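Here's the structure, in structure tokens; my notes come after.
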Amino acid sequence: MTKFLPVVETFHSLQGEGFHSGKSAFFIRLAGCSVGCSWCDTKKSWNSKKYPLKSIDELSIEIKNAKENGASFLVITGGEPLHHNLELFCKKIKQTNKSVAIHLETSGVNELSGAYDWITLSPKRHSPPTNDLLKLCNEVKIIINDEEDLIFAKTIKNKIFEINNQMKKNEFNKLSKKNYFIQPSWDNKNGFALAMEFAKTHPDWSLSLQTHKYLNIK
Ligand code: SF4
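Under our numbering, read the sequence shown as residues -3 to 214, first letter to last.
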């Protein structure tokens, strides 16, 4: 079980994108990612060896303090957070402060570890997510660079429908409600135009923008 995690940064800010955009949140950016997206805007996080290990006790106290200072929830992001086993970390967080909601942002390439109040799945074309993550996520966010990404968005949604159809009825009600977002890759004019047109013509999808980048905040 992981008692120490490599941490790129922790900060209290506003969630900039997706379903919870605009809300006060405390972020923990874990280091390490081998997914290798060419357009990644956090390449600095890829090499976990560059970052100090922090104990889960120390991180849990930071989360508790942020909660007392107004953070509505915690976001565990990366890198790819699920490259690490987060079971013990999630337990520790809830032990230290039961009321803190834990959100996870993941590409879904690894098995799920830990327990979450909200999962944002951002699957990647070149490294597809596990069926479990497709089933358990609350929010799907596809990054749009080109037309192939729009096809991928539809493929992912169809796959989720297939999985839903195989679920038992009692599971279905809880897990079937998902929120679908397309988000243009930052600084990609073609991605912006494609995502906007797609959102206009596909009302089951919403446009997500990285508002924190427009606001020049973290
Ligand atoms: S999964 Fe996320 S952190 Fe990893 S390379 Fe892709 S965009 Fe970057």
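Built from N, CA and C at the ideal position, the CB exists for glycine as well. The structure presented is a predicted model; accordingly, all values stated were derived computationally and were not measured.
With respect to the C-alpha of C133, the residue from E144, E58, S103 and V31 having the closest C-alpha is S103.
DSSP places Q11 outside both helix and strand once states are collapsed to three, so it counts as coil. P180 has I140 as its beta-bridge partners, per DSSP.
In its chain, beyond the 5 residues on either side, T102, S103, G104, P125, L129, L130, C133, E135, V136 and K137 have a beta carbon closer than 8 Å to the beta carbon of L117.
At least one heavy atom of the ligand SF4 lies less than 7 Å from the C-beta of E76. The residues T92, in chain order, have a CB closer than 8 Å to that of I57 in the same chain once the five nearest residues on each side in sequence are set aside.
Judged by DSSP secondary structure, T116 falls within the beta strand (DSSP E) whose first and last residues are W114 to L117.
With contacts defined as CB atoms closer than 8 Å, F0 and L49 qualify as a contacting pair.
Around the beta carbon of W201, 16 or more other beta carbons sit within 10 angstroms, so the residue counts as buried.
When rounded, the separation of the alpha-carbon atoms in T(-2) and A189 is 43 Å. DSSP places K155 within a helical segment (H, G or I) once states are collapsed to three.
When C-alpha distances from E54 are compared across E143, K88 and S30, the shortest belongs to K88. If you look at I59, you'll find it in the alpha helix (DSSP H) that goes I52 to E64. Comparing alpha carbon positions, the residue from L203, Q11, K173 and G32 closest to N160 is K173. By the C-beta density criterion, P180 is buried, having at least 16 other C-beta atoms within 10 angstroms.
For I24, the enclosing beta strand (DSSP E) begins and ends at S20 to L26. For the pair G74 and T38, the Cα-to-Cα distance works out to about 8 Å.
Residue environment analysis places G66 among the exposed positions, since fewer than 16 neighbouring C-beta atoms fall within 10 angstroms of its C-beta.
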